[in-house]
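Undergrad: Quick one: the structure is below, and I'll ask about it shortly.
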Amino acid sequence: MPEPAAAANDAASKRSTSPMPPVRNSSGGASGRGGGGGGGGITEEVDVVFLESLDKKYECPVCGQVLRYPVQFEECGHRCCSSCLPDLLRVAPRCPIDQQTIDKDKVYADKAFQKETDSLGVKCSFFERGCNWTGVLSELMSHIEGCDRMLTTCPMRCGVEFQKRFLEKHRLEDCPKRDIQCQFCEIGLVAEQEAGHLETCPKFLVPCPNKCKKKEVAREMMQEHLENECMRQDLCCPFSTYGCDFSGRKKQLKEHIAEKQLNHMEILCSAVKQGDKNQEKQQKQILEMEKKLVGVERRVGGLENLFGPQLVWRIDNYQEKLAEAKAGKKATIFSPPFLTNRHGYKLALSACLYGDGKFRGQYMSLFACICKGENDALLAWPFAYKLTFQLIDQCEDVSARKNIVYTVTPNPCKENRPFLGRPLGERNASFGAARFAELDAIGKLDYIKDDTMYVKVTVDLENLLPLKNRDYTGTGTGNRDRDYI
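Quick note, the working numbering runs 127 ahead of the 1-based positions in the sequence shown.
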């Protein structure tokens with residue numbers, strides 16, 4: 128029972144997913160379109176070659192190709208491809224052969240004629256390349272997908288196109304993207320890099336530039352060959368660094384050394400005298416540099432005394448604050464905030480004079496915290512600079528002072544971001560030394576004098592990162608000002 132046009136249109140939609148190659152008959156003339164249902168694995172457009180000349184009744188009057196999924200017009204009995212039907216009905220609903228008006232409700236899928244078309248005899252589309260396969264049209268596409276005469280592209284993406292049967296040979300012998308091994312140094316590389324590699328390969332054999340008996344030498348051994356083996360190489364006299372300008376081949380060099388022993392001794396003596404003069408001159412220069420270095424050290428010391436540490440915290444009324452800490456009324460006191468340097472990090476210290484946590488009553492605890500600063504957006508985070516805390520001995524004899532020193536090196540790991548990261552609130556959680564100084568030791572020397580304690584903190588800025596250079600617009604020399612954080 129013929130199917131109506133709706134089914135024909137459905138067949139057309141199925142056909143559109145299957146590429147159909149151009150068709151030619153056995154005499155080579157293009158006459159239609161054919162092929163099986165599946166197109167997977169087909170890498171080039173192919174002609175369908177019929178064993179006999181294609182009868183006109185198998186040609187679509189719309190596209191001129193072989194009928195595929197044909198539909199039949201009830202009025203006149205002619206046919207066209209199901210995929211050509213929508214265009215035919217859209218432009219002029221007339222049969223292209225006899226101009227009979229077509230009623231779209233009287234167009235039917237002709238499956239019997241499709242079977243007849245699929246049974247037409249065909250050759251392999253690549254018969255000119257030597258494939259002897261013959262069969263029916265419905266089997267052609269499945270054959271072509273596996274035909275070793277079809278062109279394919281190198282799977283290693285070198286861009287070369289060849290017949291499938293040559294794939295293995297190309298992959299092993301010809302592909303510029305194949306993996307190979309240098310025959311000289313045995314290093315693995317890609318074939319297309321071989322020429323460049325051989326330009327520098329240390330094991331590659333190169334000809335002796337002097338054309339001696341040993342015609343080829345490994346590149347890495349060439350210098351040794353020229354210096355020790357090649358009989359045609361001109362060599363400099365071993366005393367050339369002292370002034371002898373002779374050069375010649377090995378035999379001549381030996382004769383020269385034997386004949387000019389006295390001259391060489393004179394050259395050496397002159398060189399030694401000149402070396403003594405140079406040494407004396409260098410010694411004077413070293414003394415001058417040492418004097419300058421002493422001056423520089425003095426100036427650096429002056430600058431350190433001028434700018435001093437980042438903070439010296441004076442804690443007044445020590446006994447009263449210690450008593451409050453013991454009683455738990457005010458366990459922690461805070462220093463004024465300070466900057467590590469100009470435009471730098473803003474920090475503050477906190478002290479538990481009677482200790483913190485499990486060290487309460489045994490140690491004085493000292494901590495630092497990072498505060499929100501005006502320049503935080505310009506700084507590198509997390510904070511990673513070493514802090515040194517010092518409890519200053521106030522002994523009048525400065526040389527006899529014994530400060531208590533404690534160094535804290537921050538670990539900028541992910542877990543420590545609440546301590547060292549950019550502050551989200553007014554300040555971060557504190558970090559530092561829970562066991563800064565033993566309470567018994569604090570009372571023995573002059574750490575407390577006139578009921579006052581001094582705590583000093585320095586920040587090691589040796590690895591300080593510079594702020595981004597700032598360019599000033601307008602007229603001028605164009606110099607840049609650099610700040611450090």
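Built from N, CA and C at the ideal position, the CB exists for glycine as well.
Note that the structure is predicted; figures quoted are calculated from it, not measured.
Buried or exposed for Val173, going by 16 or more other Cβ atoms inside 10 Å?
TA: Your numbering for residue 173 matches position 46 in the sequence shown. Its Cβ being crowded by 16 or more others within 10 Å, Val173 is buried.
Undergrad: Helix or strand or just coil, what does DSSP make of Cys208?
TA: What you label residue 208 is simply residue 81 of the sequence shown in a count that begins at 1. It is a strand residue.
Undergrad: For Asn531 versus Asp520, is the C-beta distance shorter than 9 angstroms?
TA: Position 404 of the sequence shown, counting from 1, holds the residue named residue 531. Position 393 of the sequence shown, counting from 1, holds the residue named residue 520. Residue identity differs from the one stated: residue 531 is Ile in this sequence, not Asn. Result yes, Cβ atoms of Ile531 and Asp520 sit closer than 9 angstroms.
Undergrad: Quick test of the definition: if touching needs 3 or more C-beta pairs under 8 angstroms, does the stretch 389 to 398 touch the stretch 364 to 375?
TA: Enough Cβ pairs lie closer than 8 angstroms, so yes.
Undergrad: Is the beta carbon of Asp182 less than 9 angstroms from the beta carbon of Glu201?
TA: Numbered from 1 along the sequence shown, position 55 holds the residue referred to as residue 182. Numbered from 1 along the sequence shown, position 74 holds the residue referred to as residue 201. Not in contact: Asp182 and Glu201 (Cβ atoms no closer than 9 angstroms).
Undergrad: Do you know how far the Cα of Trp440 is from the Cα of Thr579?
TA: By 1-based counting over the sequence shown, the position of residue 579 is 452. By 1-based counting over the sequence shown, the position of residue 440 is 313. Near 10 angstroms, if we compare the C-alpha coordinates of Trp440 and Thr579.
Undergrad: Can you list the beta strand (DSSP E) stretches of 3 or more residues lying completely in the stretch 523 to 559, in chain order?
TA: Correct list: 531 to 535.
Undergrad: If you drop the 5 nearest sequence neighbours on each side, which residues of the same chain put their C-beta closer than 8 angstroms to that of Ala560?
TA: Against the sequence shown, residue 560 aligns to sequence position 433. Cβ neighbours of Ala560 beyond the five flanking positions: Ser492, Leu493, Phe494, Phe516, Tyr533, Val535.
Undergrad: Out of curiosity, what's the CA-to-CA distance linking Leu466 and Leu474?
TA: In the sequence shown, the residue the question calls residue 466 occupies position 339. In the sequence shown, the residue the question calls residue 474 occupies position 347. The alpha-carbon atoms of Leu466 and Leu474 are separated by roughly 6 angstroms.
Undergrad: Would you mind giving the Cβ-Cβ distance between Val176 and Lys296, rounded to the nearest angstrom? I have them listed as a contact below 8 angstroms.
TA: The residue given as residue 176 occupies position 49 in the sequence shown. The residue given as residue 296 occupies position 169 in the sequence shown. The pair is not a contact, with the Cβ atoms about 28 angstroms apart (cut-off 8 angstroms).
Undergrad: In terms of residue numbering, what span does the alpha helix (DSSP H) encompassing Leu566 cover?
TA: The residue labelled residue 566 in the question sits at position 439 within the sequence shown. 566 to 569 is the extent of the alpha helix (DSSP H) around Leu566.
Undergrad: Sort out for me which residues DSSP pairs Lys377 with in a bridge.
TA: The residue labelled residue 377 in the question sits at position 250 within the sequence shown. In DSSP, Lys377 forms no bridge with anything.
Undergrad: Please return the same chain residues whose Cβ sits closer than 7 angstroms to the Cβ of Cys258, not counting the five positions on each side in sequence.
TA: As a position in the sequence shown, residue 258 is number 131, starting the count at 1. Closer than 7 angstroms at Cβ, skipping near neighbours: Cys251, Cys274, Arg276.
Undergrad: Considering Tyr490, what are the terminal residues of the beta strand (DSSP E) in which it resides?
TA: Taking the first residue of the sequence shown as 1, we reach residue 490 at position 363. Where Tyr490 is concerned, the enclosing beta strand (DSSP E) stretches over 490 to 498.
Undergrad: Applying the 10 Å Cβ sphere with the 16-neighbour rule, what's the burial state of Gly500?
TA: Counting from 1 along the sequence shown, the entry for residue 500 is found at position 373. Buried, since its Cβ has 16 or more Cβ neighbours within 10 Å.
Undergrad: Exposed or buried, Ile497, counting other C-beta atoms within 10 Å across all chains shown (16 or more means buried)?
TA: Start at 1 with the first residue of the sequence shown, and residue 497 comes out as number 370. Looking at its Cβ environment, which holds 16 or more other Cβ atoms inside 10 Å, Ile497 is buried.
Undergrad: Indicate whether at least one CB of chain B lies closer than 9 angstroms to the CB of Pro334.
TA: In the structure shown, chain B does not exist; there is a single protein chain.
Undergrad: Nearest-angstrom Cα distance between Lys408 and Leu420?
TA: The residue given as residue 408 occupies position 281 in the sequence shown. The residue given as residue 420 occupies position 293 in the sequence shown. Their backbone Cα atoms lie some 18 angstroms apart in a straight line.
Undergrad: Under 6 angstroms Cβ to Cβ from Ser246, same chain only, skipping five residues before and after it: list those, please.
TA: Residue numbering aside, residue 246 sits at position 119 when the sequence shown is read from its first letter. The answer, listed in chain order, is Val263.
Undergrad: Just to confirm before moving on: does the CB-CB distance between Gln199 and Phe240 stay below 9 angstroms?
TA: Position 72 of the sequence shown, counted from the first residue, corresponds to residue 199. Position 113 of the sequence shown, counted from the first residue, corresponds to residue 240. Against a cut-off of 9 angstroms, the Cβ pair of Phe240 and Gln199 comes out as a contact.
Undergrad: Does the stretch 504 to 511 touch the stretch 569 to 587, meaning 3 or more C-beta pairs lie closer than 8 angstroms?
TA: Contact between the stretch 569 to 587 and the stretch 504 to 511 is absent, because fewer than three Cβ pairs lie under 8 angstroms.
Undergrad: Report the rounded CA-to-CA distance for Gly204 versus Leu267, giving the unit in angstroms.
TA: As a working note, residue 204 is residue 77 in the sequence shown. As a working note, residue 267 is residue 140 in the sequence shown. Distance between the alpha carbons of Gly204 and Leu267 is about 28 angstroms.
Undergrad: Quick check on this structure: which residue in Asn543, Glu553, Tyr490 has the alpha carbon closest to the alpha carbon of Arg562?
TA: In the sequence shown, the residue the question calls residue 562 occupies position 435. The candidate whose alpha carbon is nearest that of Arg562 is Tyr490.
Undergrad: Straight-line CA distance for Cys190 to Arg206?
TA: The residue you call residue 190 lines up with position 63 of the sequence shown. The residue you call residue 206 lines up with position 79 of the sequence shown. Going from the Cα of Cys190 to the Cα of Arg206 covers about 12 angstroms.
Undergrad: Suppose contacts are defined by Cβ-Cβ distances below 9 angstroms. Is Arg359 in contact with Arg346 by that definition?
TA: Stepping through the sequence shown from its first residue, residue 359 is reached at position 232. Stepping through the sequence shown from its first residue, residue 346 is reached at position 219. Cβ atoms of Arg359 and Arg346: not closer than 9 angstroms.
Undergrad: How many angstroms separate the CA atom of Arg292 from the CA atom of Val333?
TA: Position 165 of the sequence shown, counted from the first residue, corresponds to residue 292. Position 206 of the sequence shown, counted from the first residue, corresponds to residue 333. Their Cα atoms are separated by approximately 39 angstroms.
Undergrad: Which of the three DSSP states, helix, strand or coil, is assigned to Gln350?
TA: As a first step, residue 350 is located in the sequence shown; it is residue number 223 there, counting from the start. Three-state DSSP puts Gln350 in a helix.
Undergrad: Mapping DSSP to helix, strand and coil, what is Arg441?
TA: For the purposes of this step, residue 441 is identified with residue 314 of the sequence shown, where counting begins at 1. Looking at Arg441 - three-state DSSP - the assignment turns out to be strand.
Undergrad: I'd like the span of the beta strand (DSSP E) that includes Gly248, first residue to last.
TA: Position 121 of the sequence shown, counted from the start, is the residue given in the question as residue 248. Segment 248 to 250, the beta strand (DSSP E) holding Gly248.
Undergrad: Can you give me the C-alpha to C-alpha distance between Tyr512 and Leu449, rounded to a whole angstrom?
TA: For the purposes of this step, residue 512 is identified with residue 385 of the sequence shown, where counting begins at 1. For the purposes of this step, residue 449 is identified with residue 322 of the sequence shown, where counting begins at 1. Between Tyr512 and Leu449, the C-alpha separation is close to 30 angstroms.
Undergrad: Report the start-end ranges of each beta strand (DSSP E) in the stretch 221 to 285 that is 3 residues or longer and not cut off at the edges.
TA: Here the runs fully enclosed are 234 to 236, 248 to 250, 261 to 263, 278 to 280.
Undergrad: Using the C-alpha atoms, what's the distance from Asn538 back to Glu343?
TA: Residue mapping note: residue 343 aligns to position 216 of the sequence shown, counting from 1. Residue mapping note: residue 538 aligns to position 411 of the sequence shown, counting from 1. In a straight line, the C-alpha of Glu343 is about 59 angstroms away from that of Asn538.
Undergrad: Rounded to whole angstroms, what is the Cα-Cα separation between Arg469 and Glu313?
TA: Translated into positions along the sequence shown, residue 469 becomes position 342. Translated into positions along the sequence shown, residue 313 becomes position 186. Those two C-alpha atoms are separated by around 59 angstroms.
Undergrad: Going by the beta-carbon positions, is the gap between Leu278 and Glu171 smaller than 9 angstroms?
TA: The residue given as residue 278 occupies position 151 in the sequence shown. The residue given as residue 171 occupies position 44 in the sequence shown. It is a contact, given that the beta carbons lie within the stated cut-off.
Undergrad: Who are the near neighbours of Pro545 in its chain, counting only those whose CB is closer than 6 angstroms to its CB and skipping five residues on each side?
TA: Residue numbering aside, residue 545 sits at position 418 when the sequence shown is read from its first letter. Cβ within range, chain order: Ala556.
Undergrad: Please say whether Ile271 and Phe289 have beta carbons closer to each other than 9 angstroms?
TA: Here residue 289 refers to the residue found at position 162 when the sequence shown is read from its first residue. Here residue 271 refers to the residue found at position 144 when the sequence shown is read from its first residue. Against a cut-off of 9 angstroms, the Cβ pair of Ile271 and Phe289 comes out as no contact.
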